[in-house]
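First up is the structure itself, then whatever we jot down about it.
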Amino acid sequence: MSDSQTLALAKAFIAQPSVTPDDADCQPMMKARLAPLGFNCEDMQFEEVINLWARKGTQAPVVCFAGHTDVVPTGNTAHWTFPPFEPTIHEGQLYGRGAADMKGSLAAMIVATERFVKNHPDHKGSIAYLITADEEGPAHNGTVKVIETLQARQEHIDMCIVGEPSSTDKCGDVIKNGRRGSLGAVLTVKGIQGHVAYPHLARNPIHKAAPALAELAEEQWDHGNEFFPATSFQISNINGGTGATNVIPGDLEVVFNFRFSTELTDDDLKRRTHEILDRHGLDYHIEWKLSGQPFLTDHGPLVDAAVHAIQEVTGINTELSTAGGTSDGRFIAPTGAQVVELGPVNATIHKVDENVSVEDLETLTDMYEKILELLLLD
1073 MSDSQTLALA
1083 KAFIAQPSVT
1093 PDDADCQPMM
1103 KARLAPLGFN
1113 CEDMQFEEVI
1123 NLWARKGTQA
1133 PVVCFAGHTD
1143 VVPTGNTAHW
1153 TFPPFEPTIH
1163 EGQLYGRGAA
1173 DMKGSLAAMI
1183 VATERFVKNH
1193 PDHKGSIAYL
1203 ITADEEGPAH
1213 NGTVKVIETL
1223 QARQEHIDMC
1233 IVGEPSSTDK
1243 CGDVIKNGRR
1253 GSLGAVLTVK
1263 GIQGHVAYPH
1273 LARNPIHKAA
1283 PALAELAEEQ
1293 WDHGNEFFPA
1303 TSFQISNING
1313 GTGATNVIPG
1323 DLEVVFNFRF
1333 STELTDDDLK
1343 RRTHEILDRH
1353 GLDYHIEWKL
1363 SGQPFLTDHG
1373 PLVDAAVHAI
1383 QEVTGINTEL
1393 STAGGTSDGR
1403 FIAPTGAQVV
1413 ELGPVNATIH
1423 KVDENVSVED
1433 LETLTDMYEK
1443 ILELLLLD
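One rule links them: number in the working numbering = place in the sequence shown (from 1) + 1072.
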């Protein structure tokens, strides 16, 4: 039995070793499918990162598919059941790095678009693609730069479907209609190095910082809201000391992160953190890094279309969620665009033996096509 169009394209994408920030040959493959449909395909390269902006039509609304061709490193390939860049079907699953995150989604988007344009060549509005090879890496020269370029020339996305693997147990059971903000920090607490036998001649930054860190961990930052869980504070790394047992360290480095709701701003979190640290009398310095603001797309044309499409294709009453990590939706939503994330099951993303259900690829293709019909047909 021959592969379906979606499966064949997904396999072709997976065969490209596009470890971030390398696109390998994925975007040229996408352009080869989109250009014959009437898309104007524009390469946007920023430093070493290749991005694609493709658009068919000149009128609003602009419905955009967004995603990334880059994948995370494979790790030790000897641990994989099947070679990560040799797409393999086993017991109904397609194995390979990027199968779920997110080359399967990209294939489903392309095939859904081909079907829609063939069946409805005179559809209203515009269809666009915003594709980057810099999502799994620093994300400095990818979607954020494309959005800046589009804004500078007054080109606006009205609705955006990001193909991130949003589903939990079944394809379509969860839509991400927002994401929490992410604020990271590196805290350096200064002490005075000395001999452990003479603590009065030193100042131990670990001892000094411990009560403050405990208070930060216990703080109730907010209570969340209808769409977001309460803001969380998590310490991911603590480093201090020379490795010797008889030396009081001279400084302590603590790396922590806030995942925050729309109830707070990053400035609120910074202010309250400083208040706690100052109250404990610490000699410290913080380097802050804001990775993304929280965003939310409430019920409206895009969310309603996605919910309806999932119901019609699968019979599932989908759940709206803002859980999980950040995505490139954080760069698109601030422009005023409606943004949802809809993709396959995320159980194996970034893992050894990453895989996606072959059946789900077809289901996802049908969902994307139905969403286009609901948004771009009178």
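Where a beta carbon is used, it is the ideal one built from N, C-alpha and C, also for glycine.
No experiment lies behind these values; they were computed from the predicted model shown.
TODO: Return the first residue and the last residue of the alpha helix (DSSP H) that Asn1418 is part of.
DONE: Asn1418 -> no alpha helix (DSSP H), and no H or E assigned at all.
TODO: In the DSSP assignment, find the alpha helix (DSSP H) that holds Ser1177 and state where it starts and stops.
DONE: Per DSSP, Ser1177 belongs to the alpha helix (DSSP H) from 1176-1191.
Task: Under 8 Å between C-beta atoms of Phe1111 and Lys1128 - done: A contact, by the Cβ cut-off of 8 Å.
Task: Residue burial classification, Asn1297 (beta-carbon count within 10 angstroms, cutoff 16) - done: In the assembly as shown, Asn1297 is an exposed residue. Its beta-carbon has fewer than 16 other beta-carbons within 10 Å.
- [ ] Pull up the distance between the alpha-carbon of Glu1431 and that of Lys1196, whole angstroms please.
- [x] Using only the alpha carbons, I get a separation of about 30 Å.
- [ ] Closer than 7 Å by C-beta to Ala1284: which residues in its own chain qualify, once you throw out the five before and the five after it? Chain order, please.
- [x] These residues qualify, in order along the chain: Ile1348, Leu1349, His1352, Leu1354.
Task: Distance between His1212 and Gly1312 (C-alpha atoms, nearest Å) - done: Distance between Gly1312 and His1212, taken at the CA atoms: about 30 Å.
Task: Environment of Asp1142 [buried if 16+ CB atoms lie within 10 Å] - done: Under a 10 Å Cβ-count criterion, Asp1142 is classified as buried, with 16 or more other Cβ atoms of the shown protein chains found around its own Cβ.
Open item on the list: Taking the straight line between their C-alpha atoms, what separation do you get for Ala1150 and Asp1173?
Closed with: Going from the Cα of Ala1150 to the Cα of Asp1173 covers about 21 Å.
Task: Burial state of Gly1168 (16 or more Cβ within 10 Å) - done: Flag for Gly1168 reads buried.
- [ ] Determine, using beta carbons only, whether Val1452 and Gly1139 come nearer to each other than 8 Å.
- [x] An answer regarding residue 1452 cannot be provided, because it is not within the stretch 1073 to 1450 covered by the chain.
Open item on the list: Between Tyr1201, Thr1130, Ala1171, which has its C-alpha nearest Leu1106's C-alpha?
Closed with: Among Tyr1201, Thr1130, Ala1171, the Cα nearest to that of Leu1106 belongs to Tyr1201.
Task: Same chain, Cβ closer than 6 Å to Ala1126, five either side skipped, listed in chain order - done: Result list for Ala1126: Leu1106, Phe1111, Cys1113, Tyr1201, in chain order.
Open item on the list: Quick check for students: name the residue ranges of the alpha helix (DSSP H) that lie wholly in the segment 1335-1378, counting only runs of 4 or more.
Closed with: Within the segment 1335-1378, complete alpha helix (DSSP H) segments of at least 4 residues are found at 1338-1351, given in chain order.
Open item on the list: Can you tell me which residues form a DSSP beta bridge with Gly1253?
Closed with: Bridge pairing for Gly1253: Phe1332 [DSSP].
TODO: Pull up the distance between the alpha-carbon of Ile1219 and that of Arg1251, whole angstroms please.
DONE: Ile1219 and Arg1251: Cα-Cα distance of roughly 18 Å.
TODO: Inspect the CB distances between the segment 1432-1446 and the segment 1254-1272 and report whether three or more fall short of 8 Å.
DONE: No, because fewer than three Cβ pairs between the segment 1432-1446 and the segment 1254-1272 fall closer than 8 Å, the two stretches do not touch.
Open item on the list: Tell me the DSSP secondary structure of Lys1032 in three-state form.
Closed with: In the structure displayed, the chain extends from 1073 to 1450; residue 1032 sits before or after that span and is not available.
Open item on the list: Below 8 Å on the Cβ atoms is my contact criterion, and I expect Thr1185 with Leu1109 to pass it. Report the Cβ-Cβ distance as a whole number of Å.
Closed with: That pair is a contact at about 7 Å.
Open item on the list: Taking only three categories from DSSP, how would you classify Phe1118?
Closed with: Note: Phe1118 maps to strand in three-state DSSP.
Task: Backbone secondary structure at Asp1438 - three-state DSSP - done: Residue state, collapsed to three classes: helix.
TODO: Count the other C-beta atoms from every protein chain shown that fall within 10 angstroms of the C-beta of Ile1468, then say buried if there are 16 or more, exposed otherwise.
DONE: Because residue 1468 is not part of the residues shown, which for the chain are 1073 to 1450, the question remains open.
- [ ] Indicate whether Gly1415 and Ser1239 have their beta-carbon atoms separated by less than 8 Å.
- [x] Yes. Within cutoff.
Open item on the list: At the level of alpha carbons, what is the spacing between Leu1448 and Ile1404?
Closed with: Approximately 20 Å, taken between the alpha carbons.
Task: Reduced DSSP category for Ile1264 - H, G, I as helix; E, B as strand; rest coil - done: When DSSP states are grouped into helix, strand and coil, Ile1264 belongs to the strand group.
TODO: Name the residue from Lys1103, Gln1223, Ala1257, Leu1081 whose alpha carbon lies nearest to the alpha carbon of Gly1170.
DONE: For the residues Lys1103, Gln1223, Ala1257, Leu1081, the minimum Cα distance to Gly1170 belongs to Leu1081.
- [ ] Using a threshold of 8 Å, state whether the C-beta atoms of Ala1205 and Asp1115 are closer than that.
- [x] Not in contact: Ala1205 and Asp1115 (Cβ atoms no closer than 8 Å).
- [ ] Throw me the rounded Cβ distance for the Thr1394 and Ile1382 pair, which I believe falls under 8 Å.
- [x] Going by Cβ atoms, the distance from Thr1394 to Ile1382 rounds to 17 Å, so no, they are not a contact pair.
TODO: Consult DSSP for Met1073 and reduce its assignment to one of helix, strand or coil.
DONE: Model confidence at Met1073 stands at a pLDDT of 48, short of 50, so the residue's coordinates are unreliable; what they give is reported in the following sentence. In the structure shown, Met1073 falls within a coil segment according to DSSP collapsed to helix, strand and coil.
Open item on the list: For Met1073, count the other beta carbons within 10 Å of its own beta carbon; 16 or more makes it buried, fewer makes it exposed. Which is it?
Closed with: Only weak support is given to the placement of Met1073: the predicted model assigns it a pLDDT of 48, under 50, and the value that follows is read from those uncertain coordinates. The residue is exposed, with fewer than 16 neighbouring Cβ atoms inside 10 Å.
Open item on the list: Could you check whether the Cβ of Val1134 sits closer than 8 Å to any Cβ belonging to chain D?
Closed with: Here chain D cannot be found, since the structure has a single protein chain.
Task: Neighbour-count burial assignment, Thr1314, 16 or more Cβ in a 10 Å radius - done: Taking all protein chains shown into account, Thr1314 has fewer than 16 neighbouring C-beta atoms within 10 Å of its C-beta and is therefore exposed.
Open item on the list: For Arg1402, which residues in the same chain have their Cβ closer than 7 Å to its Cβ, ignoring the five residues on either side in sequence?
Closed with: Residues Arg1251, Gly1364, Gln1365, Phe1367 of the same chain have their beta carbon placed closer than 7 Å to that of Arg1402, with the five preceding and five following residues left out of the count.
- [ ] Go through its chain and collect everything with a Cβ distance to Ser1399's Cβ below 7 Å, but skip five positions before and after it.
- [x] Listed in chain order, the non-local C-beta contacts of Ser1399 below 7 Å within the same chain comprise Val1234, Glu1236, Arg1251, Glu1413, local neighbours out to five positions each way being set aside.
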